[in-house]
Amino acid sequence: MAQICICDDEEGILKYLKKLLRGHQVTTFSRGVELLAHLESPAGDRVDLLLQDLRMPDMDGIQILQRVKEKRPELPVIIMTAFATVDDAVRAIKLGAYDYLTKPCPNEKLLGMVENVLHLRRLAAENRRLREELAGGAPEPIVFASPRFREVYDLTLKVASSDANILVLGESGTGKELIASSLHHNSPRRDHPFVSLNCAALTDTLLESQLFGHLRGAFTGAVANQKGMLEESDGGTLFLDEIGDVSPAVQAKLLRVIQERDFIPVGSTRPKKVDVRFVAATNKDLQREVAEGRFREDLYYRLNVITINLPPLRDRPEDIEPLARHFLRRFAARTAKDIHTIAPDALDALQSYVWPGNVRELENVMERAVILTAGSAITADVIPLRGVQAAAPPLPVPARQQVMFALEEMERQHIEAVLKGNNFNKSRTAEILGISRRTLDRRIADFGLMGE
Ligand SMILES: Nc1ncnc2c1ncn2[C@@H]1O[C@H](COP(=O)(O)OP(=O)(O)OP(=O)(O)O)[C@@H](O)[C@H]1O
Ligand SMILES: [Mg+2]
229 MAQICICDDE EGILKYLKKL LRGHQVTTFS RGVELLAHLE SPAGDRVDLL
279 LQDLRMPDMD GIQILQRVKE KRPELPVIIM TAFATVDDAV RAIKLGAYDY
329 LTKPCPNEKL LGMVENVLHL RRLAAENRRL REELAGGAPE PIVFASPRFR
379 EVYDLTLKVA SSDANILVLG ESGTGKELIA SSLHHNSPRR DHPFVSLNCA
429 ALTDTLLESQ LFGHLRGAFT GAVANQKGML EESDGGTLFL DEIGDVSPAV
479 QAKLLRVIQE RDFIPVGSTR PKKVDVRFVA ATNKDLQREV AEGRFREDLY
529 YRLNVITINL PPLRDRPEDI EPLARHFLRR FAARTAKDIH TIAPDALDAL
579 QSYVWPGNVR ELENVMERAV ILTAGSAITA DVIPLRGVQA AAPPLPVPAR
629 QQVMFALEEM ERQHIEAVLK GNNFNKSRTA EILGISRRTL DRRIADFGLM
679 GE
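Under my numbering, think of the first position of the sequence shown as 229, with each following residue one higher.
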């Protein structure tokens, strides 16, 4: 069953067509502005086909078609009119209409055309899915509305096509990996692999063998030759996540790869050539790591040709609503639930919260909300942010020390509330907060939570 919109100023025609197309979910509009508003709303994303009258009282049909094609270039439109002129038909088709019908038109002709369009549309969707599967998945959409993030996004697009190494900085959950993959997908390297390596999760030996690969017998357990990620990402982009956690020994080896564009697999003596663009990310203050001697300065400058700084979510509150709607759509689709609105009190709760775990936390909150929602709207009672006062009264331009205290206190209260809300289940709490179990354990110890 497809979703079809019909826009015509004649009530009789709308009724007639609705009945004719009763196998589908049909929504009718008698004014152009209403149709456009519907297509621009979240429900508009699900529309599969539009039947549109060319003569509308409130707006010129050609103008409506233009607007529809701007918003939804891939949405098929069948134009209907009682006073067909060849000129109109040609203009409509040029503007991207699928076809043209003269009213009155025989039922079989209309039905045939509708089924044809829907069939083509399903084929196109299937094709796209297969292509994306082959290409290792479509790039994730990047959602934002704030001017702060618009700057970041513009910079990302601008520098994507160069081969410069890029350092992405930002708190946990702000979208560093997403930006790294967007750099890749907007670069000439897009048809080659994007490989992501979390440098913090591995011991030195493992990290080296993951990066450079190893030869059989290079160490106990190396039973076969193994390609490293450098080689896997040849021609593409290698994303070095948590670069601030790499040991001095591995830092030296990375520097060599970046300078010489070659590397030596573990257990080998022969260097191999690679052509890789590096994007690195960290939530550490890398400059301070350099100043305090924990990170090589030369490597820092090699990686940091351009810096992209991701602002925390609390500094771009305009992004909260569009992101929440984006995650709602995603999780509703994934769980096949028909949820499409966020109630005003729920939106208030989302907007007045500080989001220490940034976008990842918002994503987790929305996923949980969708799971807990039975009706068609997300309401405040499934948003577990109550009592976790985001809206601490604004502080009167305080001394640095006081600000630090205030945020820390907020973090403590928040972690405690989420822990309690989840019966002290630490894995679940870490997941909701968008931090690792290790970080959570450390914070619990720091704050003396759980009575430990
Ligand atoms: N602007 C955005 N639009 C859509 N999704 C976003 C956006 N920013 C972040 N996300 C989503 O939020 C989640 C966290 O983002 P990501 O993993 O890129 O953050 P990160 O900065 O790498 O976090 P960490 O430091 O914890 O690794 C991901 O699922 C990502 O897709
Ligand atoms: Mg990350």
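Glycine included, each C-beta is placed from N, C-alpha and C at the ideal position.
These numbers come from a predicted model, not from an experiment.
Checking 8 Å against the spacing of the C-beta atoms, do residue i and residue j come in under that value?
| i | j | result |
| --- | --- | --- |
| Ala-450 | His-442 | yes |
| Leu-551 | Leu-590 | yes |
| Leu-303 | Leu-278 | yes |
| Ile-234 | Thr-256 | yes |
| Leu-466 | Phe-491 | no |
| Glu-517 | Val-478 | no |
| His-412 | Gly-464 | yes |
| Glu-268 | Lys-299 | yes |
| Ile-548 | Ala-605 | no |
| Leu-600 | Val-610 | yes |
Does DSSP put residue i in a helix, a strand or coil?
| i | result |
| --- | --- |
| Asp-286 | coil |
| Tyr-529 | helix |
| Arg-628 | Because the pLDDT of Arg-628 is 38, which lies under 50, any placement of that residue in the model is unreliable, and the number read from its coordinates should be weighed accordingly. In the structure shown, Arg-628 sits in a helix (DSSP, three-state: H, G or I). |
| Tyr-326 | coil |
| Ile-241 | helix |
| Ser-424 | strand |
| Phe-675 | helix |
| Leu-397 | strand |
| Phe-652 | coil |
| Thr-433 | helix |
| Lys-501 | strand |
| Thr-535 | strand |
| Gln-617 | Legend: pLDDT at Gln-617 = 46, less than 50; position of this residue unreliable, no value from coordinates given. |
| Thr-309 | strand |
| Val-507 | strand |
| Leu-623 | Confidence at Leu-623 is low in this model, with a pLDDT of 40, below 50, so its placement is unreliable and the value that follows should be read with caution. It is coil, neither helix nor strand. |
| Thr-256 | strand |
| Ser-664 | coil |
Smallest Cα separation from residue i: which of the options?
| i | options | result |
| --- | --- | --- |
| Pro-301 | Tyr-326, Thr-313, Lys-247, Leu-556 | Tyr-326 |
| Gly-585 | Glu-343, Thr-601, Ile-643, Asp-276 | Ile-643 |
| Ala-577 | Asn-355, Leu-482, Ile-599, Pro-545 | Pro-545 |
| Met-229 | Arg-283, Lys-299, Arg-250 | Arg-250 |
| Pro-332 | Leu-245, Ile-486, Val-254, Ser-374 | Leu-245 |
| Ser-664 | Pro-416, Leu-385, Gly-401, Ala-561 | Gly-401 |
| Asp-469 | Val-494, Leu-348, Ser-409 | Ser-409 |
| Glu-239 | Ala-608, Asp-281, Arg-558 | Asp-281 |
| Asn-650 | Ala-608, Asp-674, Val-593 | Val-593 |
| Glu-399 | Pro-367, Ala-645, Thr-601, Leu-514 | Leu-514 |
| Ala-602 | Ala-564, Glu-639, Tyr-581, Gln-579 | Ala-564 |
| Val-396 | Leu-668, Asn-532, Leu-661, Arg-553 | Asn-532 |
| Pro-421 | Glu-460, Arg-484, Glu-405 | Glu-460 |
| Asp-674 | Gly-662, Arg-640, Leu-661 | Arg-640 |
For ligand 2, is there a heavy atom less than 7 Å away from the beta-carbon of residue i?
| i | result |
| --- | --- |
| Ala-608 | no |
| Ala-509 | yes |
Answer yes or no: the CB of residue i versus the heavy atoms of ligand 1, is any distance below 7 Å?
| i | result |
| --- | --- |
| Asp-469 | yes |
| Gly-403 | yes |
| Gly-662 | yes |
| Ser-374 | no |
| Ile-370 | yes |
| Arg-588 | yes |
(request) Decide if the stretch 473-486 is in contact with the stretch 527-535; the criterion is three or more beta carbon pairs, one per stretch, under 8 Å apart. (result) Counting Cβ pairs under 8 Å, three or more are found: they touch.
(request) Indicate whether the contact test is met: 3 or more Cβ pairs, each with one atom in the stretch 326-341 and one in the stretch 368-381, closer than 8 Å. (result) Short answer: they don't touch.
(message) Within 8 Å, do at least three Cβ pairs link the stretch 277-295 to the stretch 554-573?
(response) With the cut-off at 8 Å, the stretch 554-573 and the stretch 277-295 do not touch.
(message) With three or more C-beta pairs closer than 8 Å as the rule, is the stretch 382-401 touching the stretch 502-514?
(response) Contact between the stretch 502-514 and the stretch 382-401 is present, because at least three Cβ pairs lie under 8 Å.
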